[in-house]
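J.:
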Amino acid sequence: MNALRRHLGNGLVQAFLVVVGLVWMTPLAGLFLSSLRSAEDTAKGGWWTVFTSPGQLSFDNYSALLKNAGITQAFWNTVLISVPTTVLVVVLAALAGYAFAWLDFPGRDAVFLVVVALLVVPVQIGLLPVAKLFGQLGLFGTIPGVVLFHVAYGLPFAVFLLRNYFVEIPKEMLEAARMDGGSEWRIFTRLVLPVGRPALASLAIFQFLWVWNDMLVALLFADSSAQPLTVALQSQIRQFGSNIDVLAPGAFVSLVVPVAVFFAFQRHFVQGVMAGSVK
Amino acid sequence: MTATLVKEAAPPPVVGLADRARRLRRRGRIVALLFALPALLLLGALVVYPVLFSIGRSFFDASGTRFVGGENYAEMFRDPATLKAVRNTAIWVVVAPALLTGLGLILAVLVEKIRWATAFKLLLFMPMAVSFLAAGIIFRLAYDEDPNKGVLNAAVVSVHDAFTGTSAYPTARARDGQGLTAGEDGSYRTGASVSPGDSVALALVGVPPKDLPTDAEPAYAAAGREAAPDELRGVVYLDFTPGGGGERGRVDRRESGLPEMKVEAVRDGRTVAGTTTASDGSFRFSGLDAGSYTVRLPASNFAPPYDGISWLGPALVTPAIIGAYLWIWTGFAMVLIGAGLATLPRDALEAARMDGAGEWQIFRRITVPLLAPVLTVVFVTLVINVMKVFDLVYIIAPGPVQQDATVLATQMWLVSFGGGNNQGLGSALGVLLLLLVVPAMVFNVRRFRRSQR
Numbered sequence: 001m002n003a004l005r006r007h008l009g010n011g012l013v014q015a016f017l018v019v020v021g022l023v024w025m026t027p028l029a030g031l032f033l034s035s036l037r038s039a040e041d042t043a044k045g046g047w048w049t050v051f052t053s054p055g056q057l058s059f060d061n062y063s064a065l066l067k068n069a070g071i072t073q074a075f076w077n078t079v080l081i082s083v084p085t086t087v088l089v090v091v092l093a094a095l096a097g098y099a100f101a102w103l104d105f106p107g108r109d110a111v112f113l114v115v116v117a118l119l120v121v122p123v124q125i126g127l128l129p130v131a132k133l134f135g136q137l138g139l140f141g142t143i144p145g146v147v148l149f150h151v152a153y154g155l156p157f158a159v160f161l162l163r164n165y166f167v168e169i170p171k172e173m174l175e176a177a178r179m180d181g182g183s184e185w186r187i188f189t190r191l192v193l194p195v196g197r198p199a200l201a202s203l204a205i206f207q208f209l210w211v212w213n214d215m216l217v218a219l220l221f222a223d224s225s226a227q228p229l230t231v232a233l234q235s236q237i238r239q240f241g242s243n244i245d246v247l248a249p250g251a252f253v254s255l256v257v258p259v260a261v262f263f264a265f266q267r268h269f270v271q272g273v274m275a276g277s278v279k
Numbered sequence: 001m002t003a004t005l006v007k008e009a010a011p012p013p014v015v016g017l018a019d020r021a022r023r024l025r026r027r028g029r030i031v032a033l034l035f036a037l038p039a040l041l042l043l044g045a046l047v048v049y050p051v052l053f054s055i056g057r058s059f060f061d062a063s064g065t066r067f068v069g070g071e072n073y074a075e076m077f078r079d080p081a082t083l084k085a086v087r088n089t090a091i092w093v094v095v096a097p098a099l100l101t102g103l104g105l106i107l108a109v110l111v112e113k114i115r116w117a118t119a120f121k122l123l124l125f126m127p128m129a130v131s132f133l134a135a136g137i138i139f140r141l142a143y144d145e146d147p148n149k150g151v152l153n154a155a156v157v158s159v160h161d162a163f164t165g166t167s168a169y170p171t172a173r174a175r176d177g178q179g180l181t182a183g184e185d186g187s188y189r190t191g192a193s194v195s196p197g198d199s200v201a202l203a204l205v206g207v208p209p210k211d212l213p214t215d216a217e218p219a220y221a222a223a224g225r226e227a228a229p230d231e232l233r234g235v236v237y238l239d240f241t242p243g244g245g246g247e248r249g250r251v252d253r254r255e256s257g258l259p260e261m262k263v264e265a266v267r268d269g270r271t272v273a274g275t276t277t278a279s280d281g282s283f284r285f286s287g288l289d290a291g292s293y294t295v296r297l298p299a300s301n302f303a304p305p306y307d308g309i310s311w312l313g314p315a316l317v318t319p320a321i322i323g324a325y326l327w328i329w330t331g332f333a334m335v336l337i338g339a340g341l342a343t344l345p346r347d348a349l350e351a352a353r354m355d356g357a358g359e360w361q362i363f364r365r366i367t368v369p370l371l372a373p374v375l376t377v378v379f380v381t382l383v384i385n386v387m388k389v390f391d392l393v394y395i396i397a398p399g400p401v402q403q404d405a406t407v408l409a410t411q412m413w414l415v416s417f418g419g420g421n422n423q424g425l426g427s428a429l430g431v432l433l434l435l436l437v438v439p440a441m442v443f444n445v446r447r448f449r450r451s452q453r
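Protein sequence lines, in the order shown, are assigned to chains A and B. First residue of the first sequence: 1, per full-length UniProt numbering; consecutive thereafter. First residue of the second sequence: 1, per full-length UniProt numbering; consecutive thereafter.
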């Protein structure tokens with residue numbers, strides 16, 4: 001009796017989760033199918049009509065997108081913003097994380113508490129003052145400006161994560177290396193970085209996705225020649241219906257990269273997001 | 001180990017040792033600063049300084065020339081637009097984190113019972129990799145008001161129609177002067193009363209031939225049939241001959257019957273029988289008592305089609321955007337809580353099961369209390385993120401509804417850069433956002449310090 005009930009209950013659970021899974025897939029499937037239809041077809045009926053008349057499907061929108069200079073430029077801008085940001089954040093945070101974990105300097109612990117406090121500072125509060133500052137420095141509107149802003153606001157979490165990881169390195173290992181006369185730089189590159197690889201990878205993936213997906217910062221700091229895909233697409237959103245043949249494939253292209261990264265590095269990704277959960 | 005001991009045991013040069021140690025320490029400090037400096041400089045210039053600047057700026061007027069004290073903060077709660085943003089952010093903070101934590105908890109517990117748990121977790125977590133912009137476009141599509149375009153309304157309409165039925169002829173109306181009178185509720189009834197043994201022809205117009213059901217057949221044959229003494233017969237037909245040539249008010253040869261039309265026989269104001277027309281538009285009521293009746297076509301035949309819910313209208317836009325937010329973040333809550341579940345002591349759960357505790361009891365009495373710390377972390381994280389929500393609102397809310405959906409972050413943007421150009425008020429809104437996350441800041445710092453002990 002009990003076994004039967006459990007069996008039945010499990011069937012119900014499975015059915016429920018299948019439904020949930022389908023519900024979760026539908027929006028993405030809808031976007032993908034929409035991206036393969038012409039604007040006229042979309043104006044006439046929903047993407048599910050392709051199941052009855054698959055003739056609507058074509059890659060025309062994508063080939064048009066490839067020829068759309070603004071969009072391709074924006075795609076490369078996204079790459080030019082997110083890759084340097086990721087590299088800079090990882091490098092600077094690794095250096096600082098090591099200093100906070102193992103080197104001695106005055107006020108170290110107090111400064112680190114400030115870093116912890118900065119974890120939750122909203123990006124919004126920096127927009128205005130930094131825009132002014134960048135205006136004076138000639139960085140406003142440029143890709144380096146966007147990168148610098150992202151690096152600064154990525155650093156608190158990055159330093160926090162890496163310092164906490166590096167601190168777990170056994171003391172004996174470091175002391176042995178110091179005894180052998182290694183300079184701090186040598187210890188850092190030969191010992192700390194290799195040992196810290198998992199954390200560095202998680203951080204890099206998390207940071208890359210964060211910046212790739214950003215819209216707010218670039219909306220303010222990037223002018224039209226520096227704007228990433230997210231900003232280029234949002235500028236078309238006012239005429240949502242008539243621009244759907246650009247918006248749907250554009251959105252799909254913009255999400256294919258992070259989703260591919262997600263599936264390729266799911267473990268690191270999940271760890272990165274989870275470690276960043278206090279952010 | 002021995003080697004080091006021997007090394008240290010060697011007699012050190014006494015002179016200058018302290019000096020050398022001091023120099024070494026100073027050198028160590030310089031090296032340490034070199035490691036930390038690039039990051040600290042950036043943090044100082046682009047995070048700490050802006051925070052201080054914004055706080056100061058929030059006490060000045062729009063142009064930044066006049067000190068106005070707390071005026072901007074008072075304005076925040078006076079200006080209807082910012083007040084709306086404060087309210088909406090409050091709704092977000094109250095609703096979204098609680099829903100997400102609850103949903104994540106339920107799914108995390110359930111997913112442990114299935115074999116394809118990993119696939120399910122991956123699927124639900126994936127939206128975390130999708131930008132808010134892409135998610136916004138996805139949900140703009142899904143929430144489209146036209147049930148022929150938006151998948152949500154398509155689903156809502158088909159569920160609605162499955163329960164209440166569709167009206168087949170929203171455009172149909174009676175041919176004037178041919179015996180049908182319109183009721184106030186949109187129904188039609190025969191003006192003259194009819195009795196069993198009679199046969200009636202009800203003429204309607206206004207149905208475009210392309211809207212006729214595909215199974216509709218000509219009504220001519222049925223219209224000519226005689227009624228038996230105890231039955232009331234008739235046809236409902238479209239009084240229109242394609243190509244012209246028909247006579248008004250008569251069932252001509254090529255005129256179509258209207259199938260699936262609901263018909264009622266009414267006596268003394270009470271509906272005594274009801275039926276639906278066949279494919280040639282014919283209907284019959286049999287076994288009626290003698291007497292006079294009217295035949296009625298109820299309003300439900302002619303009701304305008306139900307066209308779903310206005311998701312992105314002013315009333316529902318915030319719940320709708322929260323829905324999109326759930327799509328993105330549920331996987332996060334589930335995975336984090338699932339990781340917590342995995343650390344629960346199996347023995348306690350097994351023991352409870354042995355003692356005959358039901359699944360629900362185990363969940364309530366053991367799982368949830370033990371998970372409390374994890375649930376708190378998830379909840380706090382979500383609160384912080386929800387307060388800063390910007391892109392989704394900015395993208396999903398259509399232009400005219402933007403002001404109904406606005407939250408602190410979008411309002412701050414609008415006021416500072418999007419036309420408002422009041423950087424005093426904008427700074428004050430930024431500071432408010434910062435103040436709102438201060439509890440989270442304290443929470444983080446405390447948790448960190450505790451972990452250091």
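Glycine included, C-beta positions come from ideal geometry on N, C-alpha and C. In this text the structure is predicted, and so the values were computed from the model without any measurement.
Return yes when the Cβ of Ile384(B) is within less than 9 Å of the Cβ of Ala440(B), no when it is not.
T.: Translated into the one-based positions of the second sequence, residue 440(B) becomes position 440. Translated into the one-based positions of the second sequence, residue 384(B) becomes position 384. Yes. Within cutoff.
J.: Can you confirm whether Gly182(A), when its beta carbon is compared against all beta carbons of chain B, has any partner nearer than 9 Å?
T.: As a first step, residue 182(A) must be located in the first sequence, where it is residue number 182. Gly182(A) does not count as touching chain B.
J.: Using alpha carbons as the reference points, say which of Val123(A), Leu8(A), Trp185(A), Phe32(A) lies closest to Asp214(A).
T.: On the first sequence, residue 214(A) is found 214 positions in, with the first residue counted as 1. Measuring from the Cα of Asp214(A), the nearest candidate turns out to be Val123(A).
J.: Among residues of its own chain, excluding the 5 on either side of Thr2(B), which ones have a beta-carbon nearer than 8 Å to its beta-carbon?
T.: Counting from 1 along the second sequence, the entry for residue 2(B) is found at position 2. Note on Thr2(B): pLDDT 35, under 50, position unreliable in the model; no value is reported.
J.: Please confirm whether Lys44(A) has its beta-carbon closer than 9 Å to some beta-carbon of chain B.
T.: For the purposes of this step, residue 44(A) is identified with residue 44 of the first sequence, where counting begins at 1. Yes - at least one Cβ of chain B is within 9 Å of the one on Lys44(A).
J.: Going by alpha carbons, who is nearest to Gly70(A) out of Leu229(A), His268(A), Ser254(A), Val257(A)?
T.: The residue you call residue 70(A) lines up with position 70 of the first sequence. Comparing Cα-Cα distances from Gly70(A) to each of Leu229(A), His268(A), Ser254(A), Val257(A), the minimum goes to Leu229(A).
J.: Nearest to Asp391(B) by CA position, among Met261(B), Leu414(B), Val377(B), is which residue?
T.: Taking the first residue of the second sequence as 1, we reach residue 391(B) at position 391. Per the Cα distances, Leu414(B).
J.: From Leu191(A) to Gly135(A), what does the alpha carbon distance come to, in whole angstroms?
T.: Translated into positions along the first sequence, residue 191(A) becomes position 191. Translated into positions along the first sequence, residue 135(A) becomes position 135. C-alpha separation (whole angstroms): 41 Å.
J.: Can you find a C-beta in chain A that's less than 9 Å from the C-beta of Phe125(B)?
T.: For the purposes of this step, residue 125(B) is identified with residue 125 of the second sequence, where counting begins at 1. Taking Cβ atoms only, chain A reaches closer than 9 Å to Phe125(B), which makes this a yes.
J.: Measure the CB-CB distance between Gly418(B) and Pro373(B) and report whether it falls below 9 Å.
T.: Counting from one through the second sequence, the residue named residue 418(B) turns up at place 418. Counting from one through the second sequence, the residue named residue 373(B) turns up at place 373. No; because the gap between Cβ atoms is not below 9 Å, this pair is not in contact.
J.: Kindly list the residues whose CB is nearer than 8 Å to the CB of Arg450(B), restricted to its own chain and excluding five residues on each side of it in sequence; keep chain order.
T.: As a position in the second sequence, residue 450(B) is number 450, starting the count at 1. None.
J.: At the 9 Å Cβ level, is Met25(A) part of the contact set with chain B, yes or no?
T.: Working through the first sequence from its first residue, we reach residue 25(A) at position 25. So yes, Met25(A) belongs to the interface.
J.: Assuming Val256(A) is part of the alpha helix (DSSP H), what are its boundary residues?
T.: On the first sequence, position 256 is the one that residue 256(A) refers to. Start and end: 244-264.
J.: With 7 Å as the C-beta to C-beta threshold (strictly closer), list the residues of the segment 49-63 of chain A near chain E in chain order.
T.: Chain labels in this structure do not include chain E; the protein chains are A and B.
J.: Could you tell me the alpha carbon to alpha carbon distance between Leu34(B) and Gln227(A), rounded to whole angstroms?
T.: Taking the first residue of the second sequence as position 1, residue 34(B) is located at position 34. Taking the first residue of the first sequence as position 1, residue 227(A) is located at position 227. Looking at the two C-alpha atoms, the distance is approximately 34 Å.
J.: Give the straight-line distance between the Cα atoms of Ile54(B) and Pro84(A), rounded to the nearest whole angstrom.
T.: One-based indexing of the second sequence puts residue 54(B) at position 54. One-based indexing of the first sequence puts residue 84(A) at position 84. For the sequence presented, residue 54(B) should be read as Ser rather than Ile. Spanning the two alpha carbons is a distance of roughly 28 Å.
J.: Going along the segment 212-246 of chain B in order, which residues come within less than 8 Å of chain A, judged by CB to CB distance?
T.: Those would be none; no residue qualifies.
J.: Kindly indicate the opening and closing residues of the beta strand (DSSP E) around Lys262(B).
T.: The residue you call residue 262(B) lines up with position 262 of the second sequence. Its beta strand (DSSP E) spans residues 262-267.
J.: Would you kindly report the start and end of the unbroken alpha helix (DSSP H) that includes Arg22(B)?
T.: As a working note, residue 22(B) is residue 22 in the second sequence. Taken as a continuous stretch (DSSP letters only), the alpha helix (DSSP H) holding Arg22(B) covers 17-43.
J.: Is there a C-beta anywhere in chain A that falls below 9 Å from the one on Val25(B)?
T.: Counted from its first residue, the second sequence places residue 25(B) at position 25. Checking the sequence, you will find Arg at residue 25(B) rather than Val. Closer than 9 Å: yes.
J.: Could you work out which residue in Pro258(A), Ala218(A), Trp24(A) is closest to Phe120(B) when comparing CA atoms only?
T.: Looking up residue 120(B) in the second sequence gives position 120. The shortest Cα separation from Phe120(B) among Pro258(A), Ala218(A), Trp24(A) belongs to Trp24(A).
J.: Label Glu172(A) either buried or exposed according to how many other C-beta atoms from any shown protein chain fall within 10 Å of its C-beta, with 16 as the threshold for buried.
T.: Reading the first sequence from its first residue, position 172 is the one you call residue 172(A). Per the 10 Å Cβ criterion, exposed.
J.: At a CB distance below 7 Å, what residues from the segment 368-400 of chain B approach chain A? Give them in sequence order.
T.: Residues Val377, Thr381, Ile384, Lys388, Phe390, Asp391, Ile395, Gly399.
J.: List the residues of chain A that Ser292(B) touches, going by C-beta distances under 8 Å, in chain order.
T.: Numbered from 1 along the second sequence, position 292 holds the residue referred to as residue 292(B). Those within 8 Å of Ser292(B) in chain A number zero; the least Cβ separation is about 49 Å.
J.: Measure the C-alpha to C-alpha separation of Arg254(B) and Ser193(B) and round it to an integer number of angstroms.
T.: Position 254 of the second sequence, counted from the start, is the residue given in the question as residue 254(B). Position 193 of the second sequence, counted from the start, is the residue given in the question as residue 193(B). Roughly 28 Å separates the two Cα atoms.
J.: Can you pull the chain A neighbours of Pro38(B), defined as C-beta to C-beta under 8 Å?
T.: Along the second sequence, read from residue 1 onward, the residue named residue 38(B) stands at position 38. Leu92, Leu95, Ala96, listed in chain order.
J.: Phe240(A) touches chain B at which residues, Cβ-Cβ below 7 Å?
T.: What you label residue 240(A) is simply residue 240 of the first sequence in a count that begins at 1. In chain order: Arg140.
J.: Spatial neighbours of Leu247(A) within its chain, please: CB distance less than 8 Å, with the 5 preceding and 5 following residues excluded, ordered by chain position.
T.: In the first sequence, the residue the question calls residue 247(A) occupies position 247. Leu233, Gln236, Ile237, Phe240.
J.: Would you give the residue range spanned by the alpha helix (DSSP H) that Leu232(B) belongs to?
T.: Sequence index remark: in the second sequence, residue 232(B) carries index 232 (1-based). Per DSSP, Leu232(B) belongs to no alpha helix (DSSP H); it is in the beta strand (DSSP E), 231-238.
J.: Does Asn422(B) pass the burial test, meaning 16 or more other C-beta atoms within 10 Å, or should it be called exposed?
T.: For this step, residue 422(B) is matched to residue 422 along the second sequence. Label assigned to Asn422(B): buried.
J.: At the level of alpha carbons, what is the spacing between Arg353(B) and Leu12(A)?
T.: Translated into positions along the second sequence, residue 353(B) becomes position 353. Translated into positions along the first sequence, residue 12(A) becomes position 12. If you take the alpha carbons of Arg353(B) and Leu12(A), they lie about 20 Å apart.
J.: Between the segment 98-116 of chain A and chain B, which residues of the former have a C-beta closer than 8 Å to a C-beta of the latter?
T.: Within the segment 98-116 of chain A, the qualifying residues are Tyr98, Ala99, Phe100, Leu103, Asp104, Phe105, Pro106, Arg108, Val111, Leu113, Val114, Val115, Val116.
J.: For Tyr98(A), which residues of its own chain have a beta-carbon under 7 Å away from its beta-carbon, when the five flanking residues on both sides are left out?
T.: Working through the first sequence from its first residue, we reach residue 98(A) at position 98. Contacts found: Phe166, Phe188, Val192.
J.: Taking Cβ positions only, does Ile81(A) come closer than 9 Å to chain B?
T.: Here the question's residue 81(A) lines up with position 81 in the first sequence. No, its Cβ sits nowhere closer than 9 Å to a Cβ of chain B.
J.: How about the segment 202-209 of chain A and the segment 113-129 of chain A: do they share at least three Cβ pairs that are nearer than 8 Å?
T.: Flag = no, the segment 202-209 of chain A and the segment 113-129 of chain A do not touch.
J.: Check whether the Cβ atoms of Tyr153(A) and Val217(A) sit closer than 9 Å, and answer yes or no.
T.: Within the first sequence, numbered from 1, the residue matching residue 153(A) stands at position 153. Within the first sequence, numbered from 1, the residue matching residue 217(A) stands at position 217. Yes, they are a contact pair.
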